[in-house]
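Report on the structure given below.
4 protein chains.
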Amino acid sequence: MMENNKDFEPLKGLIAATFTPFDQDGQLNLDPVPRIVEHHAKCSINALFINGTTGEGPSLTEEERIIVADSYAKEAKAHSIKTIIHVGHESLQTAGSLATHAADIGADCISAVPTSYFKPSSLNGLIDHLAAITSHAPEIPFYYYHIPRMNSVEFDMLELLKAAEKDLPSLVGIKYSATELSTFVECKKYKDGKYNMLYGADEMLLAGLAMGADGAVGSTYNFLAPLYNKIISEFESGKRESAQMYQAKSAELIRAIISTAGMPGLKVAMAIAGFDCGPHRLPLKTPSPGIVDELRNRLESAGFLEWNVPEDE
Amino acid sequence: MMENNKDFEPLKGLIAATFTPFDQDGQLNLDPVPRIVEHHAKCSINALFINGTTGEGPSLTEEERIIVADSYAKEAKAHSIKTIIHVGHESLQTAGSLATHAADIGADCISAVPTSYFKPSSLNGLIDHLAAITSHAPEIPFYYYHIPRMNSVEFDMLELLKAAEKDLPSLVGIKYSATELSTFVECKKYKDGKYNMLYGADEMLLAGLAMGADGAVGSTYNFLAPLYNKIISEFESGKRESAQMYQAKSAELIRAIISTAGMPGLKVAMAIAGFDCGPHRLPLKTPSPGIVDELRNRLESAGFLEWNVPEDE
Amino acid sequence: MMENNKDFEPLKGLIAATFTPFDQDGQLNLDPVPRIVEHHAKCSINALFINGTTGEGPSLTEEERIIVADSYAKEAKAHSIKTIIHVGHESLQTAGSLATHAADIGADCISAVPTSYFKPSSLNGLIDHLAAITSHAPEIPFYYYHIPRMNSVEFDMLELLKAAEKDLPSLVGIKYSATELSTFVECKKYKDGKYNMLYGADEMLLAGLAMGADGAVGSTYNFLAPLYNKIISEFESGKRESAQMYQAKSAELIRAIISTAGMPGLKVAMAIAGFDCGPHRLPLKTPSPGIVDELRNRLESAGFLEWNVPEDE
Amino acid sequence: MMENNKDFEPLKGLIAATFTPFDQDGQLNLDPVPRIVEHHAKCSINALFINGTTGEGPSLTEEERIIVADSYAKEAKAHSIKTIIHVGHESLQTAGSLATHAADIGADCISAVPTSYFKPSSLNGLIDHLAAITSHAPEIPFYYYHIPRMNSVEFDMLELLKAAEKDLPSLVGIKYSATELSTFVECKKYKDGKYNMLYGADEMLLAGLAMGADGAVGSTYNFLAPLYNKIISEFESGKRESAQMYQAKSAELIRAIISTAGMPGLKVAMAIAGFDCGPHRLPLKTPSPGIVDELRNRLESAGFLEWNVPEDE
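Structure follows, in structure tokens:
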């Protein structure tokens, strides 16, 4: 069994939360995957987060999740990009099977969101629940996926780290998709930075970096990585106003996407950037052609297309 | 394809939301099912609601849901009890497969809760989503499962009926597990009572009856049916104060269960009533022996045991 | 000091939550009050609830609340209608002054909603808070005003009764404006009906009656009392279907009001019924003439005008 | 009437949200005010935010708010510290009177939280509501007070700036007490930084600075200003890790305060720092002596006392 963090190399920089491509009938169509991951590689994406929220993981069957994980993991390996496979599921038995599969295919890490219909009712309950998943793949580094706006599960992440140290030996960090960052900086400073803190709100990346984020997981890193690489470099070289300007641009583009088309707008933006991943699975609704056009216009006039292309192209 | 409600015989009276029995290792153990359903039959239970919230449906794998549905449906048939199989799932593909299976085994009805991680974002989205499920079993009467306290999905049920009339031909009614009853009475009166309204808050059954409930689905009907049969008979014979007294007793017992052990207390109460269904699946936590003892004491001193036994025993 | 409930005559039947009339400049205009209360008397309204939510109490200055209370209380007395004066205020000092004033003018009862910016953080905190108000008028029967949808203050009302028995001697009951009715029936049955339970959701009155409501406080009792008197009489004579039909009509009319104009639609409906109370105070917005016309049309075509007139006119 | 921002000198750096001192009977006791403001001056506090959340503004009567504003404003002037007087009130008439008073005493700025019992139901409604207040003091720069966790009023602040530009001419900025910072950076960049953005989450100050905060308003700036001055100076000189370390210390101390005593712990901390401001007003409960001792111990062992003293003492 893994001992916390030993020999674990923390993830850094941008981590793309991958989309799951479908054909027009709503069936998996993995043809675009190689080109997408090649693009990731050119854009300095360090890792992929597969089958999560962006990837419509909960809308896939168990079999489909395995197929998608296989496909992205294979391409990632070819480009020396690391992989985090999301295995959270309402049925912890299924989550455990997905964790086993992740181990079998040599994924670098796994992650899980807690159940959202029945919610863990205490921190201990959460840990039991996570341990029931990680026990199926004890050697693989595990990230807890904290995303209270989606599932209303909101435990104190610092308390999780303290409790998990003993009871969840494979925990190496948190994919922290919340705007509350005071706990985030406490988590980062806990035990001299023992845990790998990945920030999950693209539109607030700069705030996450300021509060100690090691890396960042997000959907817009698929198609706007050059913009975020700018935020990171300006941040690191102390150009505060310039970093804010780029972050404001990111916020403006995300606002255009979400206010026009809701969360499904992200897949539309991916298509506008040149990587068509097809429609959504219900319950997410594929935006109508009219909405797509409107979003294209808003994004183009906001300079979206300038930020899709790798820096050296 | 089913045309709304034609030849459909509305459900009435008490409908038990069944527990899923596990062994001490957390694996399915269906041995108690025949005795439980025999008890249902003696207690004038008219139908079973299988694999829903009480049955920990979301915590089961697809295969397990099929096995549980088979088991309860077979026993129900033997006692001329009707069946509603809950097929809701985060993956609508899986939900569709479960609906097909329900049709294959001759279930009387199906029902589905909407997805809770990705939530339908509009009434139209909800209907598309439900249609994607019911299209797999268009001949089977379908009940929408409205339970906003669990999934925060809260559409106007009268608007659902109006819209579904055209776009969801197999919809026959609603399992309405909410305390807001003004919409409920409007739904009941809509089109001269065309839709079958099943109320889902046991502790408020009397209020549901007053507002027009045809029947009621609940977990405590497994072990307190005689008490609820009293509420119904007193209500029907106009004995208002007496009906309130019995309803207050139900509320008191449910308060004891929930305040001592949370939702898992319901399975404990089932065991105290003589039908041991084993532990819970995580993320629900099986109460500790100390909690079980405390709950037993509270229930016994509140007269719980008097209300478990069929009237004629 | 009042001992709980001794010599207190419980309120029954319909209690109108009064509107506060303004002139076109938004200043108090109490001219319509006598005619309104005369109408109340003709419609068998038993008591008035003054300066509450319907009366825009929080939007009034302390001086204005005193003037409005004086005006309605005077007219009520002339018609032998009882009065409950709402004295809740973000400043408990001001709430106490308003309670003293209510005592000074011989109000029958007082009531208070808890503070909504700073919320009481425990049941004990709530009781201290209420005691700080009632200590200014210990002889006057006090109703706690439970309306969690407005202030998100949601304590267990049965626990309040148990704790208040010792620490809040003037508490005589609850104005219970919530849809959760299992606690309501428990409160009603507590100590053999010692507490006076007033239900506060007009669109669910029938459910409240079934669960033991002694009386009901609401805004639509100002202009639809004949409809609600029908619900009560049908309920009492055991005509269940007919009671439901009238309740569905109430729900339909309230749905028309709220969906067209939001809460301000209630004052518009009062004007349509013949009692113009002028505009709203901000933050509530007075509906535009277009909205008013639309609401008038919807209400008229739903039969609203038939239900405004006292039965014997 | 003020034209947006013209001649307005934006506020910068730390702004203390003042406590309101009471005596043991809960009456105003302004004796500590001069010493507190002298301390503010020594700690480089640039402005005071008076009668807001920390100052228990909503729990004061109108007369008391005037007295407190007079007292702090007089001392502030003596130390060349600017003043923002919070005038928000459930009654907009009272809010207007408080704004007039602020103008009369020469306050530098005013601010208002929207009403929390009746909430503005649209952005237009919010602006009408704010205009009804600012019209009483049109010459004074106005800050909107955005604090959704207290009042659940959550409008898009960028949309407010856009709409307010025409309809709220005295608006100069936002006191932004929310964790969502993507809108914050957009607001800061809007019209080349036209609006003065003050951040209101002390435990996330560093994130606020990174996203463009001009200044920061908070309660802990009363007693931990030297710690925050460190965060600011390290941030400005690009010492990222060190800034995070100080921010984590702030988060740790605030966690100790809130988890031990809730929001009332802030006044206890002020007393521990040497500035006893007496008990709280209900509905906030003054912590028991046992809680005070526990909090003192936790704070002392976390190094609280090192950070209370001005740098040059």
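Chains as they are written, first to last, in the numbering used here: chain A, 1 to 313; chain B, 1001 to 1313; chain C, 2001 to 2313; chain D, 3001 to 3313.
Backbone N, C-alpha and C fix where the C-beta goes; we use that ideal spot for every residue, glycine too.
Computed from a prediction, not measured in an experiment: that's the story for all the values here.
Among A:A302, A:S97, A:L295, which residue has its Cα nearest to the Cα of A:S135? By one-based count along the first sequence, residue 135 of chain A stands at place 135. Of A:A302, A:S97, A:L295, the residue nearest in Cα terms is A:S97.
Please report the Cβ distance between A:A261 and A:L14, rounded to the nearest whole angstrom; I am assuming they are in contact, meaning their Cβ atoms lie under 8 Å. In the first sequence, the residue the question calls residue 261 of chain A occupies position 261. In the first sequence, the residue the question calls residue 14 of chain A occupies position 14. Not really, about 23 Å apart at Cβ, beyond 8 Å.
So D:A3251 contacts chain A; which residues on that side make the cut at Cβ distance below 8 Å? Here the question's residue 3251 of chain D lines up with position 251 in the fourth sequence. Neighbours of D:A3251 on chain A, chain order: S182, T183, V185, E186.
Taking 6 Å as the cut-off, is the beta-carbon of D:P3310 closer than that to any non-hydrogen atom of the ligand GDP? This structure does not include the ligand GDP; it has no bound ligands of any sort.
Per-residue burial, A:D23 [other beta carbons within 10 Å of its own, 16 or more giving buried]: As a first step, residue 23 of chain A must be located in the first sequence, where it is residue number 23. Exposed: under 16 other Cβ atoms inside 10 Å.
When burial is assigned at 16 or more other CB atoms within 10 Å of the CB, is C:T2183 buried or exposed? Here residue 2183 of chain C refers to the residue found at position 183 of the third sequence. Buried, since its Cβ has 16 or more Cβ neighbours within 10 Å.
Give the residues of chain A in contact with D:G3212, contact being defined as C-beta atoms less than 7 Å apart. Within the fourth sequence, numbered from 1, the residue matching residue 3212 of chain D stands at position 212. Chain order gives the chain A residues near D:G3212 as Q244, where near means a beta carbon separation below 7 Å.
So, using beta-carbon positions, are D:F3275 and D:I3067 closer together than 7 Å? Translated into the one-based positions of the fourth sequence, residue 3275 of chain D becomes position 275. Translated into the one-based positions of the fourth sequence, residue 3067 of chain D becomes position 67. Taking 7 Å as the Cβ cut-off, D:F3275 and D:I3067 do not qualify as a contacting pair.
For C:A2107, which three-state DSSP category applies? Residue 2107 of chain C sits at position 107 when you count from the first residue of the third sequence. In the structure shown, the three-state DSSP call for C:A2107 is coil.
Taking B:P1034 as the reference, give the member of B:I1174, B:D1007, B:H1079 with the closest Cα. By 1-based counting over the second sequence, the position of residue 1034 of chain B is 34. Of the candidates B:I1174, B:D1007, B:H1079, the residue whose Cα lies closest to the Cα of B:P1034 is B:H1079.
Less than 7 Å between CB atoms is the rule here; does A:P58 satisfy it with respect to chain B? Locating residue 58 of chain A in the first sequence gives position 58, counting from the first residue. True, the Cβ-Cβ gap to chain B drops below 7 Å.
Spatial neighbours of A:S116 within its chain, please: CB distance less than 6 Å, with the 5 preceding and 5 following residues excluded, ordered by chain position. The residue labelled residue 116 of chain A in the question sits at position 116 within the first sequence. Excluding positions up to five away in sequence, the list reads N151.
Comparing alpha-carbon positions, which option in A:L266, A:F304, A:F223 lies nearest A:E56? Counting from one through the first sequence, the residue named residue 56 of chain A turns up at place 56. Checking every option, the nearest Cα to that of A:E56 belongs to A:L266.
Apart from the five residues just before and just after D:L3123, which ones in its own chain have a Cβ nearer than 8 Å to its Cβ? Along the fourth sequence, read from residue 1 onward, the residue named residue 3123 of chain D stands at position 123. Counting only Cβ-Cβ distances below 8 Å, and skipping sequence neighbours, we find F3155, D3156, E3159, L3160, A3163.
Note down the Cα distance separating B:R1065 from B:F1142, rounded to an integer number of angstroms. Indexing the second sequence from 1 puts residue 1065 of chain B at position 65. Indexing the second sequence from 1 puts residue 1142 of chain B at position 142. Approximately 18 Å between the Cα atoms of the pair.
Is it a yes or a no for the stretch 1201-1215 of chain B touching the stretch 1172-1188 of chain B, going by three-plus beta-carbon pairs under 8 Å? Judged by Cβ distances under 8 Å, the stretch 1201-1215 of chain B makes contact with the stretch 1172-1188 of chain B, as three or more pairs qualify.
Under 8 Å by Cβ, that's how I've got C:G2125 and C:H2086 pegged, so tell me the actual separation to the nearest angstrom. Mapped onto the third sequence, residue 2125 of chain C falls at position 125. Mapped onto the third sequence, residue 2086 of chain C falls at position 86. C:H2086 and C:G2125 do not touch by the CB rule: their CB atoms are close to 21 Å apart, not below 8 Å.
How close, in whole Å, do the beta carbons of A:L299 and A:I272 come, if the pair is a contact with beta carbons under 8 Å? Looking up residue 299 of chain A in the first sequence gives position 299. Looking up residue 272 of chain A in the first sequence gives position 272. For a cut-off of 8 Å, the C-beta gap from A:L299 to A:I272 is around 6 Å, short enough to register as a contact.
Is the shortest distance between the beta-carbon of B:M1204 and the beta-carbons of chain C less than 7 Å? Along the second sequence, read from residue 1 onward, the residue named residue 1204 of chain B stands at position 204. Yes, because at least one Cβ of chain C sits closer than 7 Å to the Cβ of B:M1204.
Pick from C:K2082, C:P2283, C:A2207: whose alpha carbon is nearest that of D:F2996? Lying outside 3001 to 3313, the shown extent of chain D, residue 2996 of chain D is not represented and no answer is given.
Could you work out which residues of chain C lie near B:Q1024, taking near to mean beta carbons separated by less than 8 Å? Walking along the second sequence from the start, residue 1024 of chain B turns up at place 24. By Cβ distance, chain C contributes nothing, its closest Cβ being about 34 Å from B:Q1024, past 8 Å.
Give the residues of chain C in contact with D:F3019, contact being defined as C-beta atoms less than 8 Å apart. Here the question's residue 3019 of chain D lines up with position 19 in the fourth sequence. Result: empty, since nearest Cβ-Cβ is about 14 Å, beyond 8 Å.
Using 8 Å as the cut-off, can you tell me whether the stretch 2218-2238 of chain C makes contact with the stretch 2189-2197 of chain C, which would need three or more C-beta pairs spanning the two stretches below that distance? With the cut-off at 8 Å, the stretch 2218-2238 of chain C and the stretch 2189-2197 of chain C do not touch.
For chain A, is any of its Cβ atoms less than 7 Å away from the one on B:D1128? Within the second sequence, numbered from 1, the residue matching residue 1128 of chain B stands at position 128. With 7 Å as the cut-off, B:D1128 counts as an interface residue toward chain A.
Whether B:A1016 touches B:L1048 by CB criterion (7 Å): For this step, residue 1016 of chain B is matched to residue 16 along the second sequence. For this step, residue 1048 of chain B is matched to residue 48 along the second sequence. Inclusion of B:A1016 and B:L1048 in the CB contact set at 7 Å is warranted, their separation being smaller than that value.
Kindly indicate if chain D contains any beta-carbon less than 7 Å away from that of C:T2134. In the third sequence, the residue the question calls residue 2134 of chain C occupies position 134. False, the Cβ-Cβ gap to chain D never drops below 7 Å.
Applying a beta-carbon distance threshold of less than 8 Å, which residues of chain C neighbour D:K3119? Position 119 of the fourth sequence, counted from the first residue, corresponds to residue 3119 of chain D. Going along chain C in sequence order, the residues near D:K3119 (Cβ under 8 Å) are P2283.
Which whole-angstrom value describes the C-beta separation of D:A3107 and D:I3140, a residue pair presumed to lie in contact below a C-beta threshold of 8 Å? Counted from its first residue, the fourth sequence places residue 3107 of chain D at position 107. Counted from its first residue, the fourth sequence places residue 3140 of chain D at position 140. About 7 Å separates the beta carbon of D:A3107 from that of D:I3140, a gap short enough to meet the 8 Å contact definition.
Exposed or buried, which one is D:K3166 when buried takes at least 16 other CB atoms within 10 Å? Here residue 3166 of chain D refers to the residue found at position 166 of the fourth sequence. Exposed is the label assigned to D:K3166, since fewer than 16 other Cβ atoms lie within 10 Å of its Cβ.
Contact set between C:G2125 and chain D, taken where Cβ atoms lie within less than 7 Å: Counting from one through the third sequence, the residue named residue 2125 of chain C turns up at place 125. Per Cβ cutoff of 7 Å: P3283, K3285.
Below 8 Å on the Cβ atoms is my contact criterion, and I expect D:A3069 with D:A3041 to pass it. Report the Cβ-Cβ distance as a whole number of Å. Walking along the fourth sequence from the start, residue 3069 of chain D turns up at place 69. Walking along the fourth sequence from the start, residue 3041 of chain D turns up at place 41. That pair is no contact at about 19 Å.
Any C-beta of chain A under 7 Å from that of D:G3238: Your numbering for residue 3238 of chain D matches position 238 in the fourth sequence. Chain A contact via Cβ: present.
Length at least 3, wholly inside the stretch 2032-2075 of chain C: the beta strand (DSSP E) runs in chain order: Counting only runs of 3+ residues, the beta strand (DSSP E) found wholly inside the stretch 2032-2075 of chain C occupies 2047-2050, in chain order.
Could you check where the alpha helix (DSSP H) with D:Y3246 kicks off and where it finishes? Along the fourth sequence, read from residue 1 onward, the residue named residue 3246 of chain D stands at position 246. Element bounds for D:Y3246: 3240-3261.
If you run the structure through DSSP and keep just helix, strand and coil, what is B:V1217? For the purposes of this step, residue 1217 of chain B is identified with residue 217 of the second sequence, where counting begins at 1. Of the three classes helix, strand and coil, the one that applies to B:V1217 here is strand, per DSSP.
Can A:E90 and B:E1090 be called in contact, C-beta distance under 7 Å? For the purposes of this step, residue 90 of chain A is taken as residue 90 along the first sequence, with counting starting at 1. For the purposes of this step, residue 1090 of chain B is taken as residue 90 along the second sequence, with counting starting at 1. The answer is yes: Cβ separation under 7 Å.
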